[in-house]
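Residue numbers (the UniProt record's numbering): 1 to 311.
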(Lines of atoms letter the chains of each structure in order from A; the text may use other names.)
(Lines give C-alpha, C1' and ligand atoms only; values in the text may rest on other atoms or scores of the structure.)
Protein backbone atom coordinates (compact mmCIF):
# COMPACT_ATOMS: atom_id res chain seq x y z
CA UNK A 1 0.00 0.00 0.00
CA UNK A 2 2.81 2.40 0.86
CA UNK A 3 4.39 1.80 -2.56
CA UNK A 4 1.07 2.58 -4.27
CA UNK A 5 0.58 5.78 -2.26
CA UNK A 6 4.16 6.87 -2.99
CA UNK A 7 3.56 6.28 -6.71
CA UNK A 8 0.37 8.34 -6.51
CA UNK A 9 2.26 11.11 -4.76
CA UNK A 10 4.88 11.21 -7.52
CA UNK A 11 2.17 11.34 -10.20
CA UNK A 12 -0.28 13.47 -8.25
CA UNK A 13 -0.57 16.30 -10.78
CA UNK A 14 -1.51 13.92 -13.61
CA UNK A 15 -4.00 12.03 -11.43
CA UNK A 16 -5.66 15.22 -10.23
CA UNK A 17 -6.02 16.47 -13.81
CA UNK A 18 -7.64 13.18 -14.83
CA UNK A 19 -10.23 13.45 -12.06
CA UNK A 20 -12.15 16.37 -13.60
CA UNK A 21 -12.53 14.45 -16.85
CA UNK A 22 -13.70 11.44 -14.87
CA UNK A 23 -16.48 13.60 -13.46
CA UNK A 24 -17.56 14.57 -16.97
CA UNK A 25 -17.43 11.00 -18.29
CA UNK A 26 -19.30 9.55 -15.28
CA UNK A 27 -22.11 12.06 -14.61
CA UNK A 28 -24.08 9.68 -12.37
CA UNK A 29 -21.05 9.30 -10.11
CA UNK A 30 -20.67 13.09 -10.00
CA UNK A 31 -24.30 13.43 -8.88
CA UNK A 32 -23.84 10.87 -6.11
CA UNK A 33 -20.64 12.47 -4.82
CA UNK A 34 -21.78 16.12 -4.88
CA UNK A 35 -23.62 16.11 -1.48
CA UNK A 36 -20.40 14.99 0.25
CA UNK A 37 -18.08 17.67 -1.11
CA UNK A 38 -17.74 19.47 2.24
CA UNK A 39 -16.54 16.31 3.98
CA UNK A 40 -13.84 15.74 1.39
CA UNK A 41 -12.67 19.35 1.67
CA UNK A 42 -12.18 18.71 5.40
CA UNK A 43 -10.11 15.62 4.50
CA UNK A 44 -7.95 17.67 2.13
CA UNK A 45 -7.32 20.31 4.79
CA UNK A 46 -6.49 17.65 7.40
CA UNK A 47 -3.81 16.15 5.17
CA UNK A 48 -2.45 19.58 4.26
CA UNK A 49 -2.11 20.41 7.96
CA UNK A 50 -0.20 17.16 8.50
CA UNK A 51 2.20 17.90 5.64
CA UNK A 52 3.32 21.24 7.06
CA UNK A 53 5.50 21.09 10.15
CA UNK A 54 4.20 23.36 12.96
CA UNK A 55 7.67 24.91 13.31
CA UNK A 56 7.71 25.76 9.59
CA UNK A 57 4.25 27.33 9.83
CA UNK A 58 5.32 29.32 12.89
CA UNK A 59 8.37 30.56 11.00
CA UNK A 60 6.15 31.75 8.16
CA UNK A 61 3.89 33.61 10.59
CA UNK A 62 6.93 35.43 12.00
CA UNK A 63 7.30 37.06 8.56
CA UNK A 64 3.83 38.58 8.20
CA UNK A 65 4.56 41.10 5.42
CA UNK A 66 4.42 38.61 2.50
CA UNK A 67 1.15 37.22 3.88
CA UNK A 68 -0.24 40.74 4.27
CA UNK A 69 0.61 41.64 0.66
CA UNK A 70 -0.99 38.43 -0.58
CA UNK A 71 -4.07 38.99 1.57
CA UNK A 72 -4.58 42.58 0.40
CA UNK A 73 -4.14 41.58 -3.24
CA UNK A 74 -6.69 38.78 -2.94
CA UNK A 75 -9.31 40.29 -0.65
CA UNK A 76 -9.29 43.97 -1.63
CA UNK A 77 -7.51 44.61 -4.93
CA UNK A 78 -9.26 41.83 -6.87
CA UNK A 79 -12.83 42.85 -5.88
CA UNK A 80 -12.00 46.49 -6.68
CA UNK A 81 -10.71 45.44 -10.11
CA UNK A 82 -13.86 43.42 -10.88
CA UNK A 83 -16.02 46.34 -9.73
CA UNK A 84 -14.15 48.67 -12.07
CA UNK A 85 -14.57 46.29 -15.01
CA UNK A 86 -18.26 45.55 -14.40
CA UNK A 87 -19.63 48.45 -16.53
CA UNK A 88 -17.53 47.21 -19.46
CA UNK A 89 -17.92 43.42 -19.25
CA UNK A 90 -21.12 43.06 -17.23
CA UNK A 91 -23.62 43.46 -20.10
CA UNK A 92 -21.83 40.81 -22.19
CA UNK A 93 -21.41 38.30 -19.37
CA UNK A 94 -24.87 38.58 -17.83
CA UNK A 95 -25.77 38.62 -14.11
CA UNK A 96 -25.00 34.93 -13.46
CA UNK A 97 -21.44 35.09 -14.75
CA UNK A 98 -20.89 38.51 -13.21
CA UNK A 99 -21.82 37.01 -9.85
CA UNK A 100 -19.32 34.24 -10.58
CA UNK A 101 -16.59 36.84 -11.10
CA UNK A 102 -17.43 38.51 -7.80
CA UNK A 103 -17.36 35.12 -6.07
CA UNK A 104 -13.86 34.57 -7.48
CA UNK A 105 -12.83 38.05 -6.38
CA UNK A 106 -14.07 37.75 -2.80
CA UNK A 107 -13.22 34.08 -2.17
CA UNK A 108 -10.26 33.09 0.00
CA UNK A 109 -7.76 30.55 -1.36
CA UNK A 110 -9.13 27.09 -1.91
CA UNK A 111 -8.39 24.77 1.00
CA UNK A 112 -6.65 22.49 -1.49
CA UNK A 113 -4.08 25.19 -2.38
CA UNK A 114 -1.55 24.01 0.25
CA UNK A 115 -2.07 20.44 -0.94
CA UNK A 116 -1.33 21.36 -4.55
CA UNK A 117 1.62 23.48 -3.42
CA UNK A 118 3.05 20.33 -1.85
CA UNK A 119 2.35 18.31 -5.02
CA UNK A 120 4.23 20.94 -7.01
CA UNK A 121 7.25 20.83 -4.72
CA UNK A 122 6.56 24.32 -3.35
CA UNK A 123 6.82 25.40 0.26
CA UNK A 124 3.28 24.70 1.47
CA UNK A 125 3.67 26.71 4.70
CA UNK A 126 3.02 30.20 3.21
CA UNK A 127 0.10 28.80 1.20
CA UNK A 128 -1.39 27.19 4.31
CA UNK A 129 -0.94 30.33 6.41
CA UNK A 130 -2.61 32.57 3.82
CA UNK A 131 -5.33 30.01 3.16
CA UNK A 132 -6.27 29.54 6.81
CA UNK A 133 -5.98 33.23 7.64
CA UNK A 134 -8.27 34.50 4.88
CA UNK A 135 -10.67 31.59 5.31
CA UNK A 136 -11.14 32.15 9.04
CA UNK A 137 -11.86 35.88 8.64
CA UNK A 138 -14.04 35.44 5.54
CA UNK A 139 -17.44 35.68 7.32
CA UNK A 140 -16.49 39.12 8.64
CA UNK A 141 -14.12 40.38 5.93
CA UNK A 142 -16.19 39.58 2.82
CA UNK A 143 -19.39 41.44 3.86
CA UNK A 144 -17.24 44.31 5.18
CA UNK A 145 -15.29 44.77 1.93
CA UNK A 146 -18.39 44.25 -0.23
CA UNK A 147 -20.23 46.93 1.74
CA UNK A 148 -17.25 49.27 1.58
CA UNK A 149 -17.04 48.92 -2.20
CA UNK A 150 -20.81 49.27 -2.59
CA UNK A 151 -21.18 45.77 -4.07
CA UNK A 152 -24.52 44.01 -3.55
CA UNK A 153 -23.02 40.61 -2.79
CA UNK A 154 -25.70 38.08 -1.72
CA UNK A 155 -23.66 36.08 0.77
CA UNK A 156 -25.10 34.97 4.11
CA UNK A 157 -22.37 35.61 6.69
CA UNK A 158 -23.96 33.23 9.21
CA UNK A 159 -24.17 30.41 6.66
CA UNK A 160 -20.58 31.09 5.64
CA UNK A 161 -19.37 30.95 9.25
CA UNK A 162 -21.26 27.69 9.83
CA UNK A 163 -19.77 26.07 6.73
CA UNK A 164 -16.31 27.12 7.88
CA UNK A 165 -16.87 25.71 11.34
CA UNK A 166 -18.01 22.38 9.90
CA UNK A 167 -14.95 22.11 7.64
CA UNK A 168 -12.03 23.80 9.40
CA UNK A 169 -12.90 22.75 12.96
CA UNK A 170 -12.92 18.97 12.40
CA UNK A 171 -9.84 19.20 10.16
CA UNK A 172 -7.78 21.02 12.78
CA UNK A 173 -8.89 18.68 15.58
CA UNK A 174 -8.22 15.55 13.53
CA UNK A 175 -4.82 16.73 12.27
CA UNK A 176 -3.77 17.66 15.81
CA UNK A 177 -4.85 14.26 17.14
CA UNK A 178 -3.05 12.37 14.36
CA UNK A 179 0.15 14.37 14.86
CA UNK A 180 0.01 13.75 18.61
CA UNK A 181 -0.54 10.02 18.08
CA UNK A 182 2.02 9.38 15.33
CA UNK A 183 4.61 12.03 16.09
CA UNK A 184 6.12 14.58 13.71
CA UNK A 185 9.14 12.42 12.78
CA UNK A 186 7.00 9.50 11.64
CA UNK A 187 4.75 11.79 9.63
CA UNK A 188 7.80 13.35 7.98
CA UNK A 189 9.16 9.92 7.02
CA UNK A 190 5.88 9.09 5.27
CA UNK A 191 5.42 12.46 3.57
CA UNK A 192 5.36 10.91 0.08
CA UNK A 193 2.62 8.49 1.14
CA UNK A 194 0.62 11.37 2.62
CA UNK A 195 0.91 13.19 -0.69
CA UNK A 196 -0.46 10.12 -2.46
CA UNK A 197 -3.26 9.74 0.08
CA UNK A 198 -4.30 13.32 -0.60
CA UNK A 199 -5.13 12.41 -4.21
CA UNK A 200 -8.24 10.51 -3.09
CA UNK A 201 -10.20 13.44 -1.57
CA UNK A 202 -8.88 15.82 -4.24
CA UNK A 203 -10.16 13.53 -6.99
CA UNK A 204 -13.54 12.95 -5.36
CA UNK A 205 -14.09 16.69 -4.93
CA UNK A 206 -13.27 17.28 -8.59
CA UNK A 207 -15.63 14.51 -9.70
CA UNK A 208 -18.52 15.85 -7.59
CA UNK A 209 -18.00 19.38 -8.88
CA UNK A 210 -18.78 18.20 -12.41
CA UNK A 211 -22.41 17.36 -11.53
CA UNK A 212 -24.63 18.45 -14.42
CA UNK A 213 -21.81 20.00 -16.43
CA UNK A 214 -21.52 17.30 -19.12
CA UNK A 215 -25.19 17.69 -20.09
CA UNK A 216 -24.90 21.46 -20.28
CA UNK A 217 -21.71 21.22 -22.35
CA UNK A 218 -23.62 19.14 -24.88
CA UNK A 219 -26.53 21.60 -24.87
CA UNK A 220 -24.47 24.82 -24.98
CA UNK A 221 -20.95 23.97 -26.17
CA UNK A 222 -19.93 27.48 -27.20
CA UNK A 223 -21.16 29.26 -24.08
CA UNK A 224 -19.67 26.62 -21.80
CA UNK A 225 -16.36 26.81 -23.67
CA UNK A 226 -16.40 30.56 -23.12
CA UNK A 227 -17.04 30.11 -19.39
CA UNK A 228 -14.19 27.59 -19.23
CA UNK A 229 -11.85 30.03 -20.99
CA UNK A 230 -12.88 32.73 -18.51
CA UNK A 231 -12.12 30.43 -15.57
CA UNK A 232 -8.71 29.51 -16.95
CA UNK A 233 -7.88 33.14 -17.68
CA UNK A 234 -8.78 34.27 -14.17
CA UNK A 235 -6.79 31.45 -12.58
CA UNK A 236 -3.65 32.04 -14.65
CA UNK A 237 -3.93 35.82 -14.27
CA UNK A 238 -4.37 35.54 -10.51
CA UNK A 239 -1.33 33.27 -10.18
CA UNK A 240 0.92 35.49 -12.31
CA UNK A 241 -0.11 38.78 -10.69
CA UNK A 242 0.19 37.56 -7.12
CA UNK A 243 3.51 35.83 -7.84
CA UNK A 244 4.86 39.10 -9.26
CA UNK A 245 3.61 41.12 -6.28
CA UNK A 246 5.25 38.72 -3.82
CA UNK A 247 8.52 38.26 -5.75
CA UNK A 248 10.44 40.74 -3.52
CA UNK A 249 10.00 38.25 -0.66
CA UNK A 250 11.89 35.48 -2.46
CA UNK A 251 11.04 32.98 -5.16
CA UNK A 252 9.88 30.22 -2.83
CA UNK A 253 7.39 32.43 -0.98
CA UNK A 254 6.25 34.15 -4.16
CA UNK A 255 5.44 30.90 -5.96
CA UNK A 256 3.52 29.50 -2.99
CA UNK A 257 1.47 32.67 -2.40
CA UNK A 258 1.05 33.17 -6.13
CA UNK A 259 -0.55 29.74 -6.42
CA UNK A 260 -3.18 30.86 -3.89
CA UNK A 261 -3.94 33.97 -5.94
CA UNK A 262 -5.41 31.99 -8.82
CA UNK A 263 -7.02 29.17 -6.86
CA UNK A 264 -10.03 30.45 -4.95
CA UNK A 265 -12.51 28.63 -2.71
CA UNK A 266 -15.56 29.31 -4.87
CA UNK A 267 -17.49 26.43 -3.34
CA UNK A 268 -17.33 28.00 0.11
CA UNK A 269 -19.04 31.15 -1.19
CA UNK A 270 -21.48 29.38 -3.51
CA UNK A 271 -22.74 27.36 -0.55
CA UNK A 272 -23.43 30.54 1.43
CA UNK A 273 -25.27 32.49 -1.28
CA UNK A 274 -28.74 33.66 -0.28
CA UNK A 275 -31.42 32.15 -2.51
CA UNK A 276 -30.98 29.90 -5.54
CA UNK A 277 -27.59 29.90 -7.26
CA UNK A 278 -28.01 30.99 -10.92
CA UNK A 279 -27.20 28.33 -13.52
CA UNK A 280 -24.33 30.34 -15.03
CA UNK A 281 -22.85 30.90 -11.57
CA UNK A 282 -22.81 27.16 -10.86
CA UNK A 283 -21.38 26.51 -14.34
CA UNK A 284 -18.56 28.95 -13.63
CA UNK A 285 -17.89 27.35 -10.25
CA UNK A 286 -17.75 23.87 -11.79
CA UNK A 287 -15.61 24.83 -14.78
CA UNK A 288 -13.24 26.78 -12.53
CA UNK A 289 -12.24 23.39 -11.12
CA UNK A 290 -10.52 22.63 -14.45
CA UNK A 291 -7.65 25.09 -13.93
CA UNK A 292 -7.44 24.18 -10.22
CA UNK A 293 -6.91 20.52 -11.10
CA UNK A 294 -5.31 20.69 -14.56
CA UNK A 295 -2.91 23.63 -14.22
CA UNK A 296 -0.66 21.79 -11.72
CA UNK A 297 0.29 19.37 -14.51
CA UNK A 298 1.63 22.29 -16.56
CA UNK A 299 2.92 24.27 -13.60
CA UNK A 300 5.01 21.37 -12.33
CA UNK A 301 7.02 21.36 -15.55
CA UNK A 302 7.43 25.15 -15.43
CA UNK A 303 8.40 25.22 -11.76
CA UNK A 304 10.90 22.39 -12.19
CA UNK A 305 12.58 24.42 -14.94
CA UNK A 306 12.77 27.72 -13.05
CA UNK A 307 13.32 26.14 -9.62
CA UNK A 308 11.08 26.48 -6.59
CA UNK A 309 13.69 27.59 -4.08
CA UNK A 310 15.32 30.94 -3.56
CA UNK A 311 17.27 32.47 -6.36
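The beta carbon of each residue, even a glycine, is placed where N, CA and C say it ideally should be. Here the structure is a predicted model, which is why all the values come from computation and not from measurement.
For my contact list, residue i and residue j are in at a C-beta cut-off of 8 angstroms; report their separation, rounded to the angstrom.
i           : j           : result
residue 198 : residue 115 : 5 angstroms
residue 47  : residue 182 : Not really, about 13 angstroms apart at Cβ, beyond 8 angstroms.
residue 155 : residue 272 : 5 angstroms
residue 172 : residue 26  : Contact flag wrong, Cβ pair sits at about 33 angstroms.
residue 293 : residue 19  : 6 angstroms
residue 71  : residue 133 : 7 angstroms
residue 316 : residue 221 : Look at the range of the chain in this structure, 1 to 311, and you will see that residue 316 is not part of it.
Please classify residue i as buried or exposed, where buried requires at least 16 neighbouring CB atoms within 10 angstroms.
i           : result
residue 205 : buried
residue 218 : exposed
residue 32  : exposed
residue 229 : exposed
residue 79  : buried
residue 89  : exposed
residue 153 : buried
residue 109 : buried
residue 186 : exposed
residue 148 : exposed
residue 1   : exposed
residue 52  : buried
residue 158 : exposed
residue 233 : exposed
residue 126 : buried
residue 269 : buried
Please indicate yes or no: does the CB of residue i lie closer than 6 angstroms to some heavy atom of the ligand ATP?
i           : result
residue 235 : In the structure shown, the ligand ATP is absent, as is every other ligand, since no ligand is present at all.
State the DSSP-derived secondary structure class of residue i, mapped to helix, strand or coil.
i           : result
residue 155 : strand
residue 62  : coil
residue 278 : coil
residue 109 : strand
Taking the CB atoms as reference points, tell me whether residue i and residue j lie closer together than 7 angstroms.
i           : j           : result
residue 10  : residue 107 : no
residue 67  : residue 82  : no
residue 202 : residue 16  : yes
residue 97  : residue 211 : no
residue 296 : residue 13  : yes
residue 289 : residue 209 : yes
residue 258 : residue 235 : no
residue 99  : residue 44  : no
residue 246 : residue 69  : yes
residue 161 : residue 139 : yes
From the options, pick the residue whose C-alpha is nearest to that of residue i; which is it?
i           : options            : result
residue 242 : 76, 224, 140, 195  : 76
residue 131 : 164, 19, 272, 149  : 164
residue 256 : 185, 96, 128, 222  : 128
residue 207 : 37, 1, 13, 8       : 37
residue 215 : 61, 19, 120, 23    : 23
residue 95  : 283, 297, 8        : 283
residue 168 : 151, 135, 303, 220 : 135
residue 196 : 225, 157, 120      : 120
residue 299 : 84, 57, 122, 6     : 122
residue 184 : 21, 251, 56        : 56
residue 250 : 18, 8, 65, 6       : 65
residue 287 : 41, 188, 213, 276  : 213
residue 291 : 276, 304, 260, 138 : 260
residue 267 : 240, 34, 189, 237  : 34
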